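Chemist: Using the UniProt record's numbering, the first residue of the sequence shown is number 1, and each one after it goes up by one.
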Amino acid sequence: MVEVEATCERREDVTLVRATVTNARSTPQTIRLRSRLEGPIWPPRAGSVAAPEWDDDEWTGTVKPGRTRGLGFASPAPPIESPVELAEACRADGDESPSSKTVLADLEEWAPTTDVLSREL
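1. Going by Cα to Cα distance, which pick from Gly72, Arg67 and Arg32 is closest to Glu58?
2. Leaving aside the five residues before and after Trp42 along the sequence, list all residues of the same chain whose C-beta is less than 7 Å from its C-beta, in chain order.
3. In three-state DSSP terms, what is Thr68?
4. List the residues that DSSP assigns as beta-bridge partners of Ala46.
5. In angstroms with no decimal places, state the Cα-to-Cα distance between Arg69 and Thr60.
6. Alpha carbon to alpha carbon, how far is Val4 from Thr114?
7. How long is the line joining the alpha carbons of Arg36 and Trp110, rounded to whole angstroms?
8. Compare the Cα-Cα distances from Thr88 to each of Arg34, Glu12, Thr7 and Val14 and report the closest residue.
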């Protein structure tokens, strides 16, 4: 069984959603959660790149057996009682290779040092 718990609160015209997904099954599960809020969502970002688990209003991730993962997002939409729903849960394929989106999100952000930018040629 896969369990999802979610709460939301409103702060300064922004709804903040916190959710946990628990995998009580004996195998890793690929979980797809969907926002139920009526409006756009703002997933967490690493620099200028959105978290790789997010695609529009859906989060997809793998949860190991007996483990729990947390996630969160924001939205301008008003809060509702159940802001997240379980869209799909299926046994994870062990041969998954990382997507290009995942690889890019894992790279560190780079910028030249100020010393390089201030040099005259």
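All residues carry an ideal CB built from backbone N, CA and C; glycine is no exception.
The structure presented is a predicted model; accordingly, all values stated were derived computationally and were not measured.
Modeler: So, from the data block:
1. Working through the sequence shown from its first residue, we reach residue 58 at position 58. Considering only alpha carbons, the answer is Arg32.
2. Walking along the sequence shown from the start, residue 42 turns up at place 42. The answer, listed in chain order, is Phe73, Ala74 and Ser75.
3. Working through the sequence shown from its first residue, we reach residue 68 at position 68. Thr68 falls in the strand class under three-state DSSP.
4. Taking the sequence shown and counting its residues from 1, one reaches residue 46 at position 46. Answer is Val49, bridged to Ala46.
5. Position 69 of the sequence shown holds residue 69. Position 60 of the sequence shown holds residue 60. Their backbone Cα atoms lie some 11 Å apart in a straight line.
6. What you label residue 4 is simply residue 4 of the sequence shown in a count that begins at 1. What you label residue 114 is simply residue 114 of the sequence shown in a count that begins at 1. Cα-Cα distance, rounded: 46 Å.
7. Within the sequence shown, numbered from 1, the residue matching residue 36 stands at position 36. Within the sequence shown, numbered from 1, the residue matching residue 110 stands at position 110. Using only the alpha carbons, I get a separation of about 36 Å.
8. Counting from 1 along the sequence shown, the entry for residue 88 is found at position 88. Looking at the sequence provided, one finds Glu at residue 88 rather than Thr. Ranking the options by Cα distance to Glu88, first place goes to Arg34.
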